[in-house]
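Right, one structure below, let's go through it.
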Amino acid sequence: MTSTPAGKCSRSRVPRGRWAWGALVAVVVVAAIAVFAATGSEQDEPIGPPVPEVMLQGFDGGTVSLDDFAGQPLVVNFWASWCVPCLAEMPGFERVHQQHQGEVAFLGVNLADDPGAAEAVLEQTGITYPVARDPDGSAFEAFQAFGMPTTVFISPQGTIVELYTGELSAEALAERIDRYFSDL
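The opening residue of the sequence shown carries number 1306 in my numbering; numbering runs sequentially from there.
Written as structure tokens, this is what we have:
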């Protein structure tokens, strides 16, 4: 016959202090979820970081500022002639641009590319939305982008709704536009 030492229980039990802390954490988590659920859907403006102030070079020799698009939803697509996924998504971007013309602005930004190669791509793809150049990558860096292609969805209030890195199909692009900008 075995016995336990005096004052010891043979079953494990959680000390009362841990129970109290665990219960407190659970209450705080539930309260935070409830507050988020109650206020999250009532936001009038998308929440996100403000768009950085950048100046780009137009292919016509002028300058392009993102402020030129203030007050309207904007899709900014960073691309380059050497980027195979960039080239693959461009015809789909043009189709979606045509479908949402007048509702959502588009801006293509050629990143650190040979101007002749970039112009050849524009001729091949038939892009009709505005296009600018970021010859030194400063705008790309200002967005804290890290891969190509990168697409930035910007609210009419000037906040970044999403920064997406990777190729987007026309369907995925249209779905994001509907999700982010349909209530405008």
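Every residue, glycine too, gets a C-beta built ideally from N, C-alpha and C.
From the DSSP output, in three-state form, read off residue i for me.
| i | result |
| --- | --- |
| E1472 | coil |
| E1266 | Coverage of the chain is limited to positions 1306 through 1489, which leaves residue 1266 absent and any answer about it impossible. |
| M1453 | coil |
| I1482 | helix |
| V1356 | coil |
| F1448 | coil |
| T1430 | helix |
| A1393 | helix |
| A1385 | coil |
Identify which residue in the options has its Cα closest to the Cα of residue i.
| i | options | result |
| --- | --- | --- |
| M1360 | G1407, R1438, E1480, V1457 | R1438 |
| H1405 | G1442, Q1462, A1479 | A1479 |
| G1431 | E1399, I1465, D1365 | E1399 |
Assuming residue i is part of the beta strand (DSSP E), what are its boundary residues?
| i | result |
| --- | --- |
| G1363 | 1360–1363 |
| A1417 | Unbroken run through A1417: none, as it is neither H nor E. |
Give the range of the alpha helix (DSSP H) segment to which residue i is assigned.
| i | result |
| --- | --- |
| A1375 | Where A1375 is concerned, there is no enclosing alpha helix (DSSP H), given that its DSSP letter is neither H nor E. |
Pull up the CB-CB distance for residue i and residue j, whole angstroms please, since I reckon it's below 8 angstroms.
| i | j | result |
| --- | --- | --- |
| V1356 | I1482 | No, V1356 and I1482 are not in contact; Cβ-Cβ is about 17 angstroms, not under 8 angstroms. |
| F1445 | L1416 | 5 angstroms |
Are there three or more Cβ pairs, one per stretch, closer than 8 angstroms when the region 1375–1382 is compared with the region 1404–1420?
-> yes
Per the contact definition of three or more C-beta pairs closer than 8 angstroms, is the region 1460–1479 in contact with the region 1387–1403?
-> yes
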